[in-house]
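J.: Just so we're aligned, residue 1068 is where the sequence shown starts under this note's numbering, counting upward by one.
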Amino acid sequence: MKKAFNIIVLAAVFLGGCDSKEQSQEPTMKPPIAEVKPHEMTIHGHTRTDNYFWLREREDEKVIQYLEDENAYTAEVLADTKQFQEDLYKEMRGRIKEDDESVPYKDNDYFYYTRYEEGKEYKLHCRKKGSLEAEEEVFIDENELAEGHDYFALGGIEISDDNKIAAFGIDTVSRRIYTIHFKNLETGEMYAETISGCAGGGAWAKDNKTFFYISKDLETLRTNRILRHELGTDVASDVQIFKEEDETFTCYTWRTKSKDLIMIGSFQTVSSEFQMLDAGNPTGSFTMIQPRERDHEYSVSHFEDKLFIVTNWEAKNFRLMETTVDKPGKENWKEVIAHRPETMLEEVEIFKNFMVVAERTAGLPELRVINQETGDEHYLDFGEEAYTSYLGTNMDFDTEVLRYGYSSLTTPWSTLDYNMTTKEKTLLKEQTVIGDFDRNNYQTERVMVTADDGTQVPMSIVYRKGMKKDGSNPTLLYAYGSYGASMDPYFSSIRLSLLDRGFVYALAHIRGGQEMGRSWYDDGKLMKKKNTFTDFINCGEYLIENKFTTNESLFAMGGSAGGLLMGAVVNMRPDLWKGVVAAVPFVDVITTMLDETIPLTTGEYDEWGNPNEKEAYEYILSYSPYDNVEEHKYPNMLVTTGLHDSQVQYWEPAKWVAKLRVNKTDDNLLLLHTNMEAGHGGASGRFESLKETAMEYAFMFKLAGITE
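1. For the region 1640–1655 against the region 1685–1705, do three or more pairs of beta-carbon atoms, one drawn from each stretch, fall closer than 8 angstroms, so that the two count as touching?
2. Could you tell me the distance, in whole angstroms, from the CA atom of residue 1539 to the CA atom of residue 1703?
3. Answer with buried or exposed for residue 1100, where buried requires no fewer than 16 other C-beta atoms within 10 angstroms of its C-beta.
4. Within a Cβ cutoff of 8 angstroms, which residues of the same chain sit near residue 1576, ignoring the five residues on either side of it in sequence?
5. Give, in chain order, every unbroken run of the alpha helix (DSSP H) that is at least 4 residues long and sits entirely within the region 1503–1564.
6. Could you give the residue range of the beta strand (DSSP E) that holds residue 1163?
7. With a CB to CB cut of under 6 angstroms and the five nearest residues on each side skipped, what residues in its chain are close to residue 1613?
8. Hey, residue 1621 and residue 1645 are a contact pair by Cβ (cut 8 angstroms); roughly how many whole angstroms apart?
9. Helix or strand or just coil, what does DSSP make of residue 1152?
10. Which residues does DSSP list as the beta-bridge partners of residue 1740?
11. Per the contact definition of three or more C-beta pairs closer than 8 angstroms, is the region 1588–1596 in contact with the region 1410–1423?
12. From the DSSP output, in three-state form, read off residue 1762 for me.
13. Return the bridge partner residues of residue 1208 from the DSSP annotation.
14. Looking at the structure shown, is residue 1131 part of a helix, part of a strand, or coil, going by DSSP?
15. Evaluate residue 1696 with the Cβ neighbour count: other Cβ atoms within 10 Å of its Cβ, from every protein chain shown; 16 or more gives buried, anything less gives exposed.
16. Give a yes or no on contact between the region 1619–1636 and the region 1503–1517, applying the rule of three or more CB pairs nearer than 8 angstroms.
17. Extract the residue ranges of the beta strand (DSSP E) inside the region 1424–1488, only unbroken runs of 3 or more that lie entirely within it.
18. Less than 8 angstroms between the CB atoms is what I'm expecting for residue 1180 and residue 1168, so what's the real figure, rounded?
19. Tell me, please, whether the region 1237–1250 touches the region 1216–1225 by the rule of three or more beta-carbon pairs shorter than 8 angstroms.
20. Just grab the DSSP bridge partners of residue 1647 for me.
21. Report the partner residues of residue 1220 according to the DSSP bridge assignment.
22. Would you decide whether residue 1110 is buried or exposed? Buried here means 16 or more other CB atoms lie within 10 Å of its CB.
23. Starting from the N-terminal side, write out each stretch of the beta strand (DSSP E) that is 3 residues or longer and does not extend beyond the region 1266–1313.
24. Consult DSSP for residue 1680 and reduce its assignment to one of helix, strand or coil.
25. Please classify residue 1446 as buried or exposed, where buried requires at least 16 neighbouring CB atoms within 10 angstroms.
26. State the Cα-Cα distance for the pair residue 1677 and residue 1301, rounded to the nearest angstrom.
27. Using a Cβ-Cβ cutoff of less than 6 angstroms, which residues in the same chain neighbour residue 1433 once the five nearest sequence positions on both sides are dropped?
28. Suppose contacts are defined by Cβ-Cβ distances below 8 angstroms. Is residue 1312 in contact with residue 1268 by that definition?
29. Closer than 6 angstroms by C-beta to residue 1316: which residues in its own chain qualify, once you throw out the five before and the five after it? Chain order, please.
30. For residue 1091, count the other beta carbons within 10 Å of its own beta carbon; 16 or more makes it buried, fewer makes it exposed. Which is it?
31. Give the list of continuous beta strand (DSSP E) stretches no shorter than 3 residues that lie fully inside the region 1333–1406.
32. From the DSSP output, which residues share a beta bridge with residue 1251?
33. Using a Cβ-Cβ cutoff of less than 6 angstroms, which residues in the same chain neighbour residue 1724 once the five nearest sequence positions on both sides are dropped?
34. Consult DSSP for residue 1799 and reduce its assignment to one of helix, strand or coil.
35. Report the option in 1255, 1449 and 1531 whose CA atom is closest to the CA atom of residue 1492.
36. Taking all protein chains shown into account, decide if residue 1537 is buried (16 or more other Cβ within 10 angstroms of its Cβ) or exposed.
Given below as structure tokens:
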């Protein structure tokens, strides 16, 4: 459900195609039919019957057998694409520079960077003391830590102030439940104590021995407690510093850029709250900055004696305030940047003499540089009509150089330094694309689509030059549309496998995201959620009306909450799509939102509504994909999930497919693939996940009649 976003990079790319000849080739194996076991659920005087509720029993052998039967069926249906999948995998992997390295950044007298070695799935975390010419120290090798595990994820690395100890989290199940480990960076030895049941990351105090960490409720997976651990002591004696009692909130802890404060933040969809502690006084008491208020969101940056606060207090699109550390409350805030109805203020980066503001206007991200001494300001010029930009790692306050990132549908991911005084840009690294890639071979467009209610919805499009708008092009339409997550146009070397085979790729910036400001989000959630679905449908219709494609060549794809989008649009307009890929889809909205034991449910009420209230129940019920499956034709569909998914439980897509099987009135493909070792993000490692992408591509190519 919740954006897993590790978000910027939500979107690797799942896509595809198929022809009538191949569709008529009946597999010898019949599709699995799940056993019917009626389960009644009554609320607000209304009873729903769920015939597949039993699939929730993760430990039941029959459940596992059903998932494995579905996997076997999917493998057989796609057997004729097996070699093509292997070729696609090799093709996508072949574009990746395997011995790659990130741009170093300096922190506390060390230059930090990550690198990959050829043939290895995971990163090496490295540093050099004082100079980039110094000897390299590989202080964490993820490949070693991942040995013997089907899944591996590293959850944050925190280095003590004396540079001698690293704290980091490890998840080998894919439930996003980490175990914190401590490593002596001088000797290379691991400390004896570990802390289980955590979120990744945390915060060191200045004494180099006290570590604050985030504990999870192991049933709901809500991060609800902050504890203090002293290195070398029994974890059982750790002190609970804070417990988040409100079940709609989660909490986290971290160290500020200034390194002077340890923060505790509590968050829900529409409210936030922060507390601070002098990092030199780890046993002291935290000071409240501004107590939580309904519909008040704010974030905090610290520099010297000041706090800079981005807030939506009397400012729908947020404004910037400042106050002093000793007077943190809202009554002391002074306005630095006023609210603007046409521009959303997203975040700020503070320097000694400069301030950089990340903003969003007309659907595009902007970086605004303000000289705090003179008041002069200017915007960076990116030179393309559809792109993404973001603030990079900027650890130094006393500098004129801004580190930022940039990408577009045709420009590979790039890291740049920008001199805020001279306005000189220096390209430090551009993602290497091995092979004959030439960005000049591709064309982008940014168009505005008129929605049913007259709203203008942006859509970014990319295709290979020479494409003719004659309706003959297979086209993939992708979107997310939830949690205010803005899906900006970005480059994907993997996507080239589509574009080079004649696909058009379109990214719909639908309501429910935040591309056009805060109101864009508000108009796509709660009792306005259906705007998300109709916007997407309108974008699909635009592509057909403007002769990019036809409904016989139009594909749709979305994951997680974007999978809910897929479920809704196939119920509403099943005729519009040739094929759909629904990745880890959140499709059983009512049942999940009524079950407070399921991870993340209570924190989602302000996104979807609380179905314990009758009005919200009836509205969610009117679009919930699982509840609205009907006896009619559905497009070809590939549904994916992970057995250990912590965000959208595997049984939602499994139940959805089971119900679709007995209700759909067509002979189109309906496939379910469950990764039995992974969770919400799929397989771990930079290459292994490409195999899943190759399967998704092959499914779509099969439908489009593309065989090589």
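Built from N, CA and C at the ideal position, the CB exists for glycine as well.
T.: On the basis of the data shown:
1. Touching, yes, given that three or more Cβ pairs across the two stretches are closer than 8 angstroms.
2. Between residue 1539 and residue 1703, the alpha-carbon positions lie close to 19 angstroms from each other.
3. Classification of residue 1100: exposed, given that the 10 Å Cβ count is below 16.
4. Excluding positions up to five away in sequence, the list reads 1430, 1524, 1525, 1526, 1527, 1546, 1553, 1554, 1582 and 1583.
5. The region 1503–1564 contains no whole alpha helix (DSSP H) run of 4 or more residues.
6. Residue 1163: not part of any beta strand (DSSP E); DSSP gives it neither H nor E.
7. Cβ-Cβ distances below 6 angstroms link residue 1613 to nothing in the same chain once the five nearest sequence neighbours on each side are left out.
8. About 6 angstroms separates the beta carbons of residue 1621 and residue 1645, which is inside the 8 angstroms limit, making them a contact pair.
9. DSSP places residue 1152 in helix when its eight states are reduced to three.
10. Looking at the DSSP assignment, residue 1740 forms a beta bridge with 1707.
11. Touching, no, given that fewer than three Cβ pairs across the two stretches are closer than 8 angstroms.
12. Helix at residue 1762.
13. Looking at the DSSP assignment, residue 1208 forms a beta bridge with 1191.
14. DSSP, reduced to helix, strand and coil, places residue 1131 within a helical segment of the structure shown.
15. Buried, because 16 or more other Cβ atoms sit within 10 Å of the Cβ of residue 1696.
16. Counting Cβ pairs under 8 angstroms, fewer than three are found: no touch.
17. DSSP runs (the beta strand (DSSP E)) wholly in the region 1424–1488: 1431–1438, 1444–1446, 1454–1458, 1468–1475 and 1481–1486.
18. At roughly 6 angstroms, the Cβ-Cβ gap stays under 8 angstroms, so residue 1180 and residue 1168 are in contact.
19. Two segments are said to touch when three or more pairs of C-beta atoms, one from each, lie closer than 8 angstroms; by this definition the region 1237–1250 touches the region 1216–1225.
20. Beta-bridge pairing by DSSP links residue 1647 to 1623 and 1704.
21. Beta-bridge annotation (DSSP): residue 1220 is paired with 1238.
22. Residue burial annotation: residue 1110 is exposed, with fewer than 16 other C-beta atoms found within 10 angstroms of its C-beta.
23. Entirely contained in the region 1266–1313, the beta strand (DSSP E) runs reaching 3 residues are, in chain order, 1277–1283, 1290–1297 and 1306–1310.
24. In the three-state DSSP reduction, residue 1680 falls in the coil class, being neither helix nor strand.
25. Around the beta-carbon of residue 1446, fewer than 16 other beta-carbon atoms lie within 10 Å, marking it exposed.
26. Approximately 41 angstroms between the Cα atoms of the pair.
27. Excluding positions up to five away in sequence, the list reads 1426 and 1446.
28. No. Outside cutoff.
29. So the list reads 1333 and 1335, once near-sequence residues are dropped.
30. Confidence is the limiting factor: at residue 1091 the pLDDT is only 37, short of 50, which leaves the residue's position unreliable, though a coordinate-based value still follows. Around the beta carbon of residue 1091, fewer than 16 other beta carbons sit within 10 angstroms, so the residue counts as exposed.
31. Runs of the beta strand (DSSP E) inside the region 1333–1406: 1339–1345, 1354–1357, 1365–1370, 1373–1378, 1386–1391 and 1401–1404.
32. The partner list for residue 1251 (beta bridge, DSSP) reads 1232.
33. Within the same chain, residue 1724 has close Cβ partners 1706 and 1739.
34. There is no way to answer for residue 1799, as the model of the chain reaches only from 1068 to 1775.
35. The residue among 1255, 1449 and 1531 with its C-alpha nearest the C-alpha of residue 1492 is 1449.
36. The Cβ neighbour count for residue 1537, taken over all protein chains shown within 10 Å, is under 16; the residue is labelled exposed.
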